[in-house]
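Trainee: The structure's right below; bear with me while I get my questions together.
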Amino acid sequence: MDERDYSAERIERLLDPQSIAIAGASADENKRGYIATKRLVESEYDGEVYPVNPSYEGEILGTEVHPSVSSIPDRVDLVYVVTPAGAVPSVLEDAGEADVAGAVIFSAGFSEVGNEDTEEELIQIANEHGIRFLGPNVMGMVNVPSDICLGIDASYGEGGLSVISQSGNLGMNLGVATNKAHNTGLSHFVSIGNEADLKFHELLPYFAADDSTEALVLYVEGMSEGRAFLEEARRFTQEKPLILLKGGRTGAGKSSAESHTASLAGDADVVADVYSQAGVVTVDSFDDVVPVYQALTDAPTLSGRNIAIMTEAGGVATITADSLVEHGMNVPELTEETQEKLAELFPYSPNLENPIDTMVTGDTASLHGEAAEILLSDPNIDGLMICGGYGGYGVGGTGIELPMDDASAQAQIESARRITELPSEYDKPVVIKSTFTPEESEALAICRDGNVPVYDSFRDASLAFQSLAEYSEAVESADERSDFDAGSGADGLETLEEAADGTVLAEHEAKGVLEEYDIPVAPYELVSSAEEAVEAADRFDEELAMKIVSPQIQHKTEAGGVALGVSGESAVRDTYEELVANAEAYDPEATIDGVLISPMLEEGVEVIIGAIQDEEVGPVVMFGLGGIFVEVLEDVTFGGVPLTEHDARRMIEGIDGKEILEGARDNPDIDEDALVDLLVDVSELVAENPRISELDLNPVFCYEDGLSVIDASITL
372 MDERDYSAER IERLLDPQSI AIAGASADEN KRGYIATKRL VESEYDGEVY
422 PVNPSYEGEI LGTEVHPSVS SIPDRVDLVY VVTPAGAVPS VLEDAGEADV
472 AGAVIFSAGF SEVGNEDTEE ELIQIANEHG IRFLGPNVMG MVNVPSDICL
522 GIDASYGEGG LSVISQSGNL GMNLGVATNK AHNTGLSHFV SIGNEADLKF
572 HELLPYFAAD DSTEALVLYV EGMSEGRAFL EEARRFTQEK PLILLKGGRT
622 GAGKSSAESH TASLAGDADV VADVYSQAGV VTVDSFDDVV PVYQALTDAP
672 TLSGRNIAIM TEAGGVATIT ADSLVEHGMN VPELTEETQE KLAELFPYSP
722 NLENPIDTMV TGDTASLHGE AAEILLSDPN IDGLMICGGY GGYGVGGTGI
772 ELPMDDASAQ AQIESARRIT ELPSEYDKPV VIKSTFTPEE SEALAICRDG
822 NVPVYDSFRD ASLAFQSLAE YSEAVESADE RSDFDAGSGA DGLETLEEAA
872 DGTVLAEHEA KGVLEEYDIP VAPYELVSSA EEAVEAADRF DEELAMKIVS
922 PQIQHKTEAG GVALGVSGES AVRDTYEELV ANAEAYDPEA TIDGVLISPM
972 LEEGVEVIIG AIQDEEVGPV VMFGLGGIFV EVLEDVTFGG VPLTEHDARR
1022 MIEGIDGKEI LEGARDNPDI DEDALVDLLV DVSELVAENP RISELDLNPV
1072 FCYEDGLSVI DASITL
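Numbering-wise (the working numbering), the sequence shown opens with residue 372 and increments by one.
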């Protein structure tokens, strides 16, 4: 058995143990050791429970107490540790000698309070004995199918949602939320605590193989091994949905680094894009988790983003269309054939073009099923949202009632049964947003129980389609996306390997690095005197851009170190002297290496391309529109290194201002293929030279044919 298989076997025994020892078991009803023992002994857990306490003899709740884990005569899969922090190392040592597979360490008092030494001791003991553990400082662990509940005072309904959480309390709240939701229940809850041993990515294979887990939800504030997680998540999401709720999503963590890229890279902005690149569906709030889970596990995949809307009121149709578009969906026209079929069903409808206003009344509510089938059979349509008062005819006691006779009420129920059959027949999702609830409406209950998601919020229903689209696209393109293997860790360019940390390369040096990777840069020459400047100007024979070169002056414009449109011998000579004088006045201690001279190029569409080393997910590339408003608009996307061509195109498509690249206001389209090549080349440069901590290409001029990097900055 190789190391990975050995570890997987130990993790399986930890998460689904057949026997559990409780280190710190107690007869005192007020202590955690008693509560844990009582919960397991009195539950329906089929495995063996072994209370452990060296200071106690006899029984607890009729179960024999053992002085140590190693004194238990049978095999123990898991030890649940509830002792004080100081006793945990000896417990883990004893468990390791007994060949226990894993531990859940509830005990606190380790690195979270500055006690790193004791936590490091736990890691050493675990490594020595091959024991895997959660924690320390965890809320606990729940395995609902196996009736295991460690450390959490809650009773969960069984279902397909599994949770791994850095916050024990928030993870518990997610479990409670499943109890309140319909057709939703919990499979597993794992509190990961300090992550001293087991990390997020090491748990994914277990849940990928677990038949009771339909989808996995993570609450993450920061991963210690984010790059390994991306590689594992990419594999996981090809089998099951992976939903991530990220804590700390505000811009408070943004750095004040030298480059535009670093200032634009808020932690949440980066990780949301890069996790999405791995197929992870990220959600913005706690309240989004269950609605998204319901959509991803109940509905079929979405082959495109074209959604039909069926309602019985014009205002509802408008609001629904707005909401869908805001969530990245399209509301396309229907084929003429579809509209003709709908006209036969709804001859008095004011609109059959999409959204469809059926003008349904109690007498015609039974037609929803037939209309839904017509819409799903339209080749222009990938999914259907039914919204408004559907399901409410004949409902009473809500303050709103849409009356109908018994025959019509029964017909509405029959239409609901038909609607539940359509998603599998057409392999297209149906989502319902209703004024009513399944508790009030038998028709809606039939839909919900038939795996058609039913929501009472326009936002949740639209978010359902957005999540389906993102996940479906990720699965479809999995083989075209990055494998997140960022290279060996050694710089490929000797010049970078030899430079000191913290070095900011001069512009000409940065451009030289780019040229090593065949990245098109604007022509340039570094000159160290006014005479050399004149000679260079003669060679370019064009208007010039002249910029001061000094390692101490990063913001050249502020220092008066940039001049544009310079032409003529005397102007070149005078400008050189002026730039040097301005730089010396700005920073008398600065070292002046000279002036960089480049020909003025025709302005194209300005974009910015950058790269940073993110603390969580490693090297990433950034793309966005350039210009003076780049840090105001923050219209940027990120991708994990190395980028594939698919990743690069996805980044370009992901900016809000994509229309500017497509010839807005009668301008020509840019050369998107050249831009894709540039993003991939920058990704290769960063992957092969990991000491590049920040890279900025700003601006890059994009043309109808090709592009050119005008300015470049690299920090090591």
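We treat Cβ as the ideally placed atom computed from N, Cα and C, and that holds for glycine.
If Ser533 sits next to Phe578, beta carbons under 8 Å apart, how far is it from one beta carbon to the other, in whole angstroms?
Mentor: Ser533 to Phe578, Cβ: 5 Å. Contact.
Trainee: Just to check my reading of the structure: Tyr664 and Val588 have Cβ atoms closer than 8 Å, yes? What is that Cβ distance to the nearest angstrom?
Mentor: 7 Å between Cβ atoms; contact.
Trainee: Using the three-state DSSP reduction, which class does Glu341 fall into: helix, strand or coil?
Mentor: Examination of residue 341 is not possible in this model, given that the chain is present from 372 through 1087 alone.
Trainee: For a quick check, are the C-beta atoms of Ser1064 and Gln984 less than 8 Å apart?
Mentor: Contact flag set, yes.
Trainee: Just to confirm before moving on: does the CB-CB distance between Ala803 and Tyr761 stay below 8 Å?
Mentor: A small fix is needed here, since residue 803 is Ile in this sequence, not Ala. Contact: yes.
Trainee: From what residue to what residue does the alpha helix (DSSP H) around Met917 run?
Mentor: Premise fails: Met917 lies in the beta strand (DSSP E), 915 to 920, not in any alpha helix (DSSP H).
Trainee: In terms of DSSP beta bridges, what is Met681 paired with?
Mentor: DSSP, once it has assigned bridges, lists Ile727, Ile757 as partnering Met681.
Trainee: Would a C-beta distance cut-off of 8 Å place Val447 and Val471 closer than the cut-off?
Mentor: Yes, Cβ-Cβ distance for Val447 and Val471 is below 8 Å.
Trainee: Shortest alpha-carbon distance to Leu834 belongs to which of Leu876, Ser1079, Asp655?
Mentor: For Leu834, the nearest C-alpha among the options comes from Asp655.
Trainee: Skipping 5 residues on each side, what residues in its chain have a beta carbon closer than 7 Å to that of Val898?
Mentor: The answer, listed in chain order, is Ala904, Ala907, Gly965, Val966, Ile968.
Trainee: By the DSSP assignment, the beta strand (DSSP E) with Gln984 in it spans what residues?
Mentor: Residues 976 to 985.
Trainee: By DSSP, does Asp693 sit in helix, in strand, or in coil?
Mentor: It is helical.
Trainee: Could you give the first and the last residue of the continuous beta strand (DSSP E) run that contains Leu864?
Mentor: Counting along the chain, Leu864 falls outside any beta strand (DSSP E), and DSSP gives it neither H nor E.
Trainee: Check the DSSP bridge columns for Lys804 and list the partner residues they point to.
Mentor: DSSP lists Cys758, Tyr826 as partners of Lys804.
Trainee: How big is the Cα-Cα spacing for Gly932 and Ala877?
Mentor: Whole-angstrom Cα-Cα distance: 14 Å.
Trainee: Going by beta carbon distance, what residues of the same chain come within less than 7 Å of Glu1016, once the five residues before and after it are set aside?
Mentor: Within the same chain, Glu1016 has close Cβ partners Val1047, Val1051.
Trainee: Based on the DSSP output, what are the partners of Gly1010 in its beta bridges?
Mentor: Bridge partners of Gly1010: Val992.
Trainee: Drop a sphere of 10 angstroms on the beta-carbon of Ser627, count the other beta-carbons inside from all chains shown, and report buried for 16 or more, exposed for fewer.
Mentor: In this prediction, Ser627 has a pLDDT of 36, which is less than 50 and means its spatial position is unreliable; nothing more can be read from the coordinates.
Trainee: Give me the residue from Gly1077, His553, Leu1087, Pro721 with the minimum Cα distance to Leu1056.
Mentor: Closest option to Leu1056, Cα to Cα, is Leu1087.
Trainee: Give a yes or no on whether the C-beta atoms belonging to Ala790 and Val825 are separated by under 8 Å.
Mentor: The sequence given here places Ile at residue 790; Ala does not occur at that position. No.
Trainee: Relative to the C-alpha of Glu986, which residue among Ala684, Met594, Gly618 is closest?
Mentor: When each option's Cα is compared against that of Glu986, the closest is Met594.
Trainee: On the DSSP letters alone, give me the boundaries of the alpha helix (DSSP H) that Phe1072 sits inside.
Mentor: Counting along the chain, Phe1072 falls outside any alpha helix (DSSP H), though it belongs to the beta strand (DSSP E) covering 1065 to 1073.
Trainee: Quick one: what's Thr706 bridged to in DSSP?
Mentor: None, per the DSSP bridge assignment.
Trainee: Rank Thr489, Val884, Val991, Leu493 by C-alpha distance to the C-alpha of Leu463 and give the top, closest one.
Mentor: Selected option, being the one with the closest Cα: Leu493.
Trainee: Which same chain residues end up closer than 6 Å to Glu841 when comparing Cβ atoms and leaving out the 5 residues on each side of it in sequence?
Mentor: Excluding residues within five positions, the ones whose Cβ falls inside 6 Å are Val652.
Trainee: In the DSSP assignment, the alpha helix (DSSP H) including Ala407 goes from what residue to what residue?
Mentor: Note, Ala407: alpha helix (DSSP H), 403 to 412.
Trainee: When the Cβ atoms of the segment 413 to 425 are set against those of the segment 471 to 482, are three or more pairs found closer than 8 Å?
Mentor: Short answer: they don't touch.
Trainee: Considering only residues of the same chain and omitting the five flanking positions on each side of Phe911, which have a CB-CB separation below 6 Å?
Mentor: If we look at Phe911 and ignore the five residues flanking it on each side, its Cβ neighbours are Pro970.
Trainee: Helix, strand or coil: how does DSSP classify Ala952 here?
Mentor: Correct three-state label for Ala952: helix.
Trainee: How close, in whole Å, do the beta carbons of Lys712 and Ile752 come, if the pair is a contact with beta carbons under 8 Å?
Mentor: Going by Cβ atoms, the distance from Lys712 to Ile752 rounds to 13 Å, so no, they are not a contact pair.
Trainee: Between Gly564, Ile523, Gly542, Gly531, which has its C-alpha nearest Phe481's C-alpha?
Mentor: For Phe481, the nearest C-alpha among the options comes from Gly564.
Trainee: Span of the alpha helix (DSSP H) holding His500?
Mentor: From DSSP, the alpha helix (DSSP H) with His500 extends over 487 to 500.
Trainee: Just to confirm my understanding: we take Ser630, look at its own chain, exclude 5 residues before and 5 after, and list those with CB closer than 8 Å. What are they?
Mentor: Reliability fails at Ser630, whose pLDDT of 49 lies under 50, so the model's placement of it is uncertain and no value is given.
Trainee: In the DSSP output, which residue or residues are listed as bridge partners for Ile391?
Mentor: According to DSSP, Ile391 bridges with Val420, Leu449.
Trainee: Cutting at 7 Å between CB atoms, please list the residues of its own chain near Ala870, excluding the five before and the five after it.
Mentor: Here the set comprises Leu1087.
Trainee: Find out if the Cβ-Cβ distance for the pair Glu785, Ser748 is shorter than 8 Å.
Mentor: Not a contact, by the Cβ cut-off of 8 Å.
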